[in-house]
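>
Number of protein chains: 2
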Amino acid sequence: MKPQFEQRLATLRKRLLESGQDALLIFSPDNLRYLFNYSGEAAYGIVTQTGLYLITDYRFLEQAQHECVNEQIATEVICRDRDRQTLAQAIAAVLSDERALHIMYEAEHISVAMWQSIAAGLPELLFTPALAMLEAQRKIKDEWEVEQIRQAAAIADQALAILLPQLKLGVSEREMALELDYQMQRLGSEGVSFTTILGFGARSALPHCIPSARPLQQGDLIVIDFGAVVNGYRSDMTRSFVAGKADARQQAMFDTVHAAQSAALASLHAGLPASEADAAAGAILNASEFASYAGKGLGHGLGIKLHEQPFMGPHCHEVLQANYVVTVEPGIYIPGYGGLRLEDDVRITPQAYECLTHAAKIFEVEI
Amino acid sequence: MKPQFEQRLATLRKRLLESGQDALLIFSPDNLRYLFNYSGEAAYGIVTQTGLYLITDYRFLEQAQHECVNEQIATEVICRDRDRQTLAQAIAAVLSDERALHIMYEAEHISVAMWQSIAAGLPELLFTPALAMLEAQRKIKDEWEVEQIRQAAAIADQALAILLPQLKLGVSEREMALELDYQMQRLGSEGVSFTTILGFGARSALPHCIPSARPLQQGDLIVIDFGAVVNGYRSDMTRSFVAGKADARQQAMFDTVHAAQSAALASLHAGLPASEADAAAGAILNASEFASYAGKGLGHGLGIKLHEQPFMGPHCHEVLQANYVVTVEPGIYIPGYGGLRLEDDVRITPQAYECLTHAAKIFEVEI
């Protein structure tokens with residue numbers, strides 16, 4: 001199983017042709033990774049119907065040649081001397097050789113200042129902004145991509161299993177987050193998918209809780225939201241616990257979120273409007289005593305980027321397709337009291353879904 | 001000792017006034033941290049002569065109120081409902097209340113696509129791009145900022161001291177990088193300053209070596225480039241070692257880089273053109289047998305961002321000023337053989353410099 005670079009490129013070229021465009025200028029590091037297998041910095045990509053170019057400089061030349069020129073991908077790597085050639089000049093040289101005139105550029109991934117300096121150096125070309133062109137393509141994952149997320153999710157599952165017995169009275173959020181991050185990397189994760197969210201007690205209600213020195217106390221709600229990275233692809237999972245025995249309100253929160261997530265998962269299949277998956281969870285949350293504390297939005301696409309298309313909320317016009325990989329993460333957040341969220345990563349299949357995260361949804365943990 | 005938010009704001013307002021501008025739109029997360037004490041995401045700042053506004057949404061409201069509204073800083077935090085109000089509308093509401101017409105915006109920190117959507121919603125305003133406006137101001141650090149970098153550097157010093165005895169025959173680059181990252185965070189670092197560079201043998205010549213499974217062997221050159229983060233401020237230090245006894249060539253490399261760094265450090269003082277500090281190191285590198293393998297550029301500013309103004313290279317027109325904090329990092333990189341770099345963080349003083357990194361520059365380590 002290999003990344004399908006040829007197919008990715010063919011799809012993009014077809015769309016360029018259909019739009020009457022000669023070339024696409026790529027500025028997004030995520031899209032350079034997707035299309036060129038390039039994981040470094042300070043590089044710019046150009047795709048035409050016959051050519052594939054990566055402009056970088058001496059600092060990343062060796063890495064670019066290693067990553068972008070091999071049996072799977074045949075990029076022409078251009079090493080620019082930044083003291084002698086502007087980026088506009090380097091781009092102009094490629095486009096002139098290619099006789100390209102109608103140029104799309106990733107307007108979402110380049111700053112106004114940088115684009116002004118490039119465009120000023122290329123007055124004879126006709127530019128059109130490309131909006132979410134590769135992002136739309138990236139929504140459907142190939143088998144290799146799904147496998148990377150599956151492996152990242154498996155690492156997260158294992159790391160959580162190592163962490164759980166360490167949740168003891170008095171440990172701090174920060175200690176536990178550090179231990180989780182350490183274990184994921186020891187198990188092969190390339191860094192972490194994002195800054196681990198780990199909150200005890202009332203702090204579990206903060207959607208982006210940054211781990212603090214707060215010690216774990218008996219009866220605390222505990223939220224842990226984290227992920228691993230494999231070959232640039234991310235996982236993203238949340239589990240929620242209670243330290244010791246749950247009281248009636250905590251148990252009702254857990255049961256509500258669990259039922260909401262189960263309903264959303266059960267609804268999933270290719271062809272389903274994403275807003276209906278959101279509504280399946282929403283129906284249960286909104287019928288509960290916690291309706292006014294329900295989180296907004298059901299989940300998001302997942303891949304090279306942590307939050308990518310499609311975004312699944314009530315106002316989303318997306319229809320789910322086979323091999324989308326998305327999170328399903330309903331939650332309840334009661335300010336000053338605590339929060340509870342369950343999040344899994346799933347691949348959409350023609351009839352249902354495949355769950356990529358497998359950690360058990362236990363609630364009570366002995367501390 | 002506290003961050004000097006009032007003074008930062010006064011300096012910016014004075015410059016706005018001098019340029020005849022009524023407001024600055026701030027899009028850079030680093031600049032929001034510098035001016036508003038805000039460390040979250042999804043926020044936009046507006047500064048006028050009398051007002052200070054942060055526009056965010058419900059996800060970051062609590063964090064923004066906590067960080068940006070206190071005895072040191074009195075921001076008006078605006079919680080935008082993204083389903084009902086565009087960013088342009090939220091900005092328009094503030095600027096209209098403030099009767100602001102001439103608006104600067106951070107053109108280096110907003111995408112073409114996003115700026116087009118904002119500007120289209122504000123047709124009556126007159127926009128001017130602000131280029132490196134706050135970045136220029138951030139070059140001079142206040143005492144509190146220097147203290148954060150000093151603490152980050154101290155954490156890095158301690159973590160390296162813990163790591164060195166673990167450099168043993170057969171350990172991998174990845175294991176050692178993970179251990180270093182773990183120790184820094186255990187000692188209080190907020191994550192790591194950047195992805196730790198740690199290379200053995202020929203891989204030490206890669207300027208951005210990503211730690212691999214390569215095991216440590218007798219006689220290997222070892223390069224370790226890493227840093228800690230305290231209150232958002234970063235350190236950045238490199239030490240180079242040889243596993244066991246250095247041979248003549250390795251010792252000559254070390255002596256050359258050490259002499260080049262010493263010469264550059266000895267030249268430092270407020271009023272010195274940065275290119276002359278670069279030349280002080282360059283004179284020694286270029287007179288050595290390793291001239292053709294010398295790295296380009298002496299160092300860079302350091303603060304909220306890892307690489308920030310001033311950049312110290314041969315073509316740099318910067319004159320060093322008191323309380324600039326910069327790296328001094330000459331190196332030799334021999335492809336296929338190995339590299340060697342020494343890097344310290346220093347604060348420029350009126351007469352000389354204060355070194356913030358203190359790890360000993362030993363070369364031979366027993367493995």
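From first to last, the protein sequence lines stand for chains L and W.
Using UniProt numbering, read the first sequence as starting at 1 and increasing by one per residue.
Using UniProt numbering, read the second sequence as starting at 1 and increasing by one per residue.
Glycine residues also receive a C-beta, built at the ideal position from the N, C-alpha and C atoms.
For clarity, every value in this text was computed on a predicted model and none was experimentally measured.
(1) Whole angstroms are fine: how far does the CA of W/Ala43 sit from the CA of L/Gly301?
(2) Could you check whether the Cβ of L/Tyr182 sits closer than 8 Å to any Cβ belonging to chain W?
(3) By the 10 Å Cβ neighbour count, where 16 or more other Cβ atoms means buried, how is L/Ile348 classified, buried or exposed?
(4) Below 7 Å on C-beta distance, what does L/His109 contact in chain W?
(5) Check whether chain L comes within 8 Å of W/Gln49, counting only Cβ atoms and requiring the distance to be less than that.
(6) Which same chain residues, not among the five before or five after W/Leu12, have their C-beta less than 8 Å away from its C-beta?
(7) What does the alpha-carbon distance come out to for the pair L/Ile78 and W/Gln309?
(8) Measuring CA to CA, which of W/Gln261, W/Leu298, W/Gly331 is closest to W/Cys316?
(9) Using the rule of at least 16 other Cβ atoms within 10 Å of the residue's Cβ for burial, across every protein chain shown, is L/Arg249 buried or exposed?
(10) Along chain L, which residues have their Cβ under 7 Å away from the Cβ of W/Glu62?
(11) Within the same chain, show all residues whose beta-carbon is closer than 7 Å to that of L/Leu187, passing over the 5 residues directly before and after it, in chain order.
(12) Between W/Ser189 and W/Thr357, is the Cβ-Cβ spacing less than 8 Å?
(13) From this set, L/Glu62, L/Asn37, L/Glu71, L/Val112, which residue's C-alpha is nearest W/Ile118's C-alpha?
(14) Just to confirm, is the Cβ distance from L/Leu163 to L/Leu180 under 8 Å?
(15) If we count the other Cβ atoms within 10 Å of its Cβ and call it buried at 16 or more, is W/Arg99 buried or exposed?
(16) Under the DSSP definition of a beta bridge, which residues are partnered with W/Ile188?
(17) Relative to the C-alpha of L/Val257, which residue among L/Val326, L/Pro273, L/Ala287 is closest?
(18) Hey, does W/Thr195 have any beta-carbon neighbour from chain L nearer than 8 Å?
(19) Measure from the C-beta of W/His315 to each C-beta in chain L and report whether the shortest distance is under 8 Å.
(20) Out of curiosity, what's the CA-to-CA distance linking W/Leu169 and W/Gln261?
(21) Does the segment 264-276 of chain L come close enough to the segment 236-255 of chain L to have 3 or more Cβ pairs within less than 8 Å?
(22) Hey, quick one: how far does the alpha helix (DSSP H) through L/Asp97 stretch, first residue to last?
(23) Take L/Gln4 as the anchor and find which of L/Arg33, L/Leu16, L/Leu61, L/Glu18 has the nearest alpha-carbon.
(24) Closest Cβ-Cβ distance between W/Pro350 and chain L: below 8 Å?
(25) Quick one: is L/Tyr58 buried, meaning 16 or more other Cβ sit within 10 Å of its Cβ, or exposed?
(26) Is it the case that the segment 197-211 of chain W contacts the segment 206-217 of chain L, given that we only count it when at least three CB pairs across the two stretches are under 8 Å?
(27) Alpha carbon to alpha carbon, what distance is there between W/Pro330 and W/Lys139?
(28) Secondary structure at L/Ala253, three-state DSSP: helix, strand or coil?
(29) Can you check the UniProt domain "Creatinase N-terminal" (8-140) of chain L for any alpha helix (DSSP H) of at least 4 residues that lies completely inside it and give the ranges in chain order?
(30) What is the rounded straight-line gap between the Cα of W/Ser19 and the Cα of L/Arg239?
(31) Could you name the residues of chain L that W/Pro273 contacts, counting a contact when the two beta carbons are closer than 7 Å?
(32) With a 10 Å radius around its C-beta and 16 neighbouring C-beta atoms as the bar for buried, classify W/Lys305 as buried or exposed.
(33) Going along chain W, which residues have a C-beta under 7 Å from L/Arg33?
(34) For W/Gln185, which residues in chain L fall below 7 Å Cβ to Cβ?
(35) Please specify which runs of the alpha helix (DSSP H), each continuous and at least 4 residues long, are wholly inside the segment 275-356 of chain L, giving them in chain order.
(36) Ordered along the chain, which non-local residues of its own chain (more than five positions away) have a Cβ less than 7 Å from that of L/Cys68?
Looking at the atomic coordinates:
(1) If I take the Cα positions, the gap works out to 22 Å.
(2) yes
(3) buried
(4) Ser111
(5) Not closer than 8 Å to any Cβ of chain L, the Cβ of W/Gln49 fails to qualify, so no.
(6) Leu24, Leu35, Val47, Met133, Leu134, Gln137
(7) 27 Å
(8) Taking each of W/Gln261, W/Leu298, W/Gly331 in turn and checking the Cα distance to W/Cys316, the smallest one comes out for W/Leu298.
(9) Exposed, because fewer than 16 other Cβ atoms sit within 10 Å of the Cβ of L/Arg249.
(10) Leu206
(11) Ile155, Gln158, Ala159
(12) no
(13) L/Val112
(14) yes
(15) exposed
(16) Residue identity check: residue 188 of chain W is Gly in the sequence provided, not Ile. W/Gly188 is not bridged to any residue.
(17) L/Ala287
(18) Yes, W/Thr195 lies at the interface with chain L (some Cβ there is under 8 Å from its Cβ).
(19) Output row for W/His315: interface = yes.
(20) 29 Å
(21) no
(22) 87-97
(23) The candidate whose alpha carbon is nearest that of L/Gln4 is L/Arg33.
(24) no
(25) exposed
(26) no
(27) 21 Å
(28) Residue identity check: residue 253 of chain L is Met in the sequence provided, not Ala. DSSP, read as helix, strand or coil, puts L/Met253 in helix.
(29) 29-36, 61-68, 87-97, 112-120, 133-138
(30) 52 Å
(31) Within 7 Å Cβ-Cβ: nothing; W/Pro273 doesn't reach chain L, min ~18 Å.
(32) buried
(33) The contacting residues do not exist; L/Arg33 stays about 14 Å from chain W at best.
(34) Neighbours of W/Gln185 on chain L, chain order: Leu178.
(35) Qualifying alpha helix (DSSP H) stretches: none in this window.
(36) The answer, listed in chain order, is Phe36, Asn37, Tyr38, Leu54, Thr75, Val77.
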